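Numbers -16 to -1, 1 to 320, taken from mature numbering (1 follows the signal peptide of the UniProt record, and there is no 0), label the letters of the sequence shown in order.
Note that the Cβ used here is the ideal one computed from N, Cα and C, for glycine as well.
Computed from a predicted structure; not experimentally measured.
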Amino acid sequence: MLQVLLLISLYEYGHGIYPAAYLSVGNAARLGHAMGLHARDVPQMLPRCTTWTEQEERRRVWWGVLILDRISNIGHRGKPFASAEPSPDMHLPTDDTAWDRGQMLATAPLSLSASQTIRASSFARACQSVHLAGKVCRHIDDKTIPLDYRFEEALELHKTLKALAALLPTEAEGEDPTAGPTLCSSLAICYSALLTLYDAYGCSERSVPDAPESQLVMQKESIQGIAEVCESVLLLGRKIGQRIELGEGLGRLSPLTVECMYEAGASYAWYLRETSNPQYGEKLAEVKELLRLFEKRWRVAGQYLLYIDEFWQYGCMGNPDPLATRTVLGQHWRRV
């Protein structure tokens, strides 16, 4: 039942069916809580696991709930997550190849609090990325954080995400896309989380008077970071496009990779309007071409294209904020 809800949620998310996707993920989270998948020290609906495979399956299913719950809230902020925050000692999914073969590895399980430098499977990397994305959403939505701590926490999230975003491309260099899942989804989630964080701190009009110096530091990091991340998103899109053209096809394209393409496209559209720099026009055209390609598999990419074109034609609803483009358009289509 829970796996069915996850498949339905993924389909609805990938095709831009809102608010159905948000509600389906919520149903999956509620069922997972009732079954006791979120923690070991709570009443369990299911019999005790007798095999490693069974335990790993439950762990992976619950991480699937956490991923969809958090990724569906990016750009749709202001609403609480349906699932609880995972504990630092929660185990990450094991090696994907071993799992597919049903082989139990003689290695210690990797916990969520483990160092990012420890090599992990592609699914585990996606879990690490989405955990940080969830922290970003909670940070932005929590208005009770003391002012002197808010900017310090934002800088810490920035550093942690940047470190993971720098590590993943190196790990992805030697991966074989035909052998199993790749790190593309992990990278895409990481980039979306960074752009979401920068969106909250990059505009001077949102600056708080008499705030600590860390506010200015975070603002500078955000303004510089959004341009750098957009470049990284474009590189990721090119890599995915090349794999599709070389025969991998659209069947393996994850819907989790589409969100960051839209965010980068919306940013390039704003840069082009403000500067009239033809380089931004070329990058915008390339992102839109990638979204057209992705639309053949996931219809949400077509929705993103429409709203990027809407911004380009009419402007961001009179909003002068350069980083509000993604937020305004993202909330708009998700209300449909």
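Q) Where do the N-terminal and C-terminal ends of the alpha helix (DSSP H) with Gln39 fall, by residue? A) For Gln39, the enclosing alpha helix (DSSP H) starts and ends at Trp36 to Ile55.
**Q.** C-beta contact flag for Pro70 and His115 at 9 Å
**A.** yes
Q: Can you give me the Cβ contacts of Ala110 inside the same chain, cut-off strictly under 6 Å, excluding the 5 residues immediately before and after it?
A: Ser169 and Ser170
(Q) In whole angstroms, give me the CA-to-CA distance for Trp282 and Gly20. (A) 32 Å
Q.
Counting C-beta neighbours from all protein chains within 10 Å, is the total for Glu(-5) 16 or more, i.e. buried, or is it exposed?
A. buried
Q. From residue 322 to Glu266, what does the alpha carbon distance come to, in whole angstroms?
A. Absent from the model: residue 322. The displayed extent of the chain is -16 to 320, so no value can be given.
Q) Whose C-beta lies closer than 6 Å to the C-beta of Asp132 among residues of the same chain, with five residues either side of it excluded? A) These residues qualify, in order along the chain: Pro196.
Q: Could you pull out every residue in the same chain whose Cβ sits closer than 7 Å to the Cβ of Gly286, ignoring the five residues on either side in sequence?
A: Glu279
Q | C-alpha distance - Glu136 paired with Leu230, whole-angstrom precision | A | 45 Å
Q: Give the DSSP-derived three-state secondary structure of Ser216 in the structure shown.
A: helix
Q) Which partner residues of Ser95 appear in the DSSP bridge assignment? A) His75
(Q) Does Asn303 come out as helix, strand or coil in the three-state DSSP assignment? (A) Residue confidence for Asn303 is low, a pLDDT of 42 falling below 50, so the modelled location carries little weight; the figure read from the coordinates is stated next. Coil at Asn303, not helix or strand.
Q: Identify, in the order they occur along the chain, each residue of the same chain with its Cβ nearer than 7 Å to the Cβ of Ala13, setting aside the five sequence neighbours on each side.
A: Val49, Asp53, Ala66 and Ser67
Q: Go ahead and label Arg43 buried or exposed: buried means 16 or more other beta carbons lie within 10 angstroms of its beta carbon, across all protein chains shown.
A: buried
(Q) Quick check: Leu220 and Tyr182, are their CB atoms within less than 9 Å of each other? (A) no
Q: Determine the extent of the alpha helix (DSSP H) in which Val114 is found, giving its start and end residues.
A: Note, Val114: alpha helix (DSSP H), Ser106 to Asp125.
**Q.** Whether Ala177 touches Ile51 by CB criterion (9 Å)
**A.** no
Q. Span of the alpha helix (DSSP H) holding Ser176?
A. Cys168 to Tyr185
Q.
Given a cut-off of 9 Å on the beta-carbon distance, is the pair Glu205 and His142 in contact?
A. The beta carbons of Glu205 and His142 sit closer together than 9 Å.
Q: Starting from Ala156, trace the alpha helix (DSSP H) both ways and give me its first and last residue.
A: Leu131 to Ala156
Q: Report the option in Asp73, Leu30, Gln(-14) and Pro72 whose CA atom is closest to the CA atom of Asn11.
A: Gln(-14)
Q) Hey, how far is the Cα of Arg276 from the Cα of Arg257? A) 22 Å
Q. So what does DSSP say about Tyr(-4), is it helix, strand or coil?
A. helix
**Q.** Neighbourhood of Met74 by C-beta, 6 Å cutoff - its chain only, sequence neighbours within 5 removed
**A.** Leu96
Q | Coarse secondary structure for Leu15, derived from DSSP in three states | A | helix
Q: Assign Arg310 to one of three DSSP states: helix, strand, or coil.
A: For Arg310, the predicted structure reports a pLDDT of 40, less than 50, and the residue's modelled location is therefore unreliable. The matter cannot be settled from this model.
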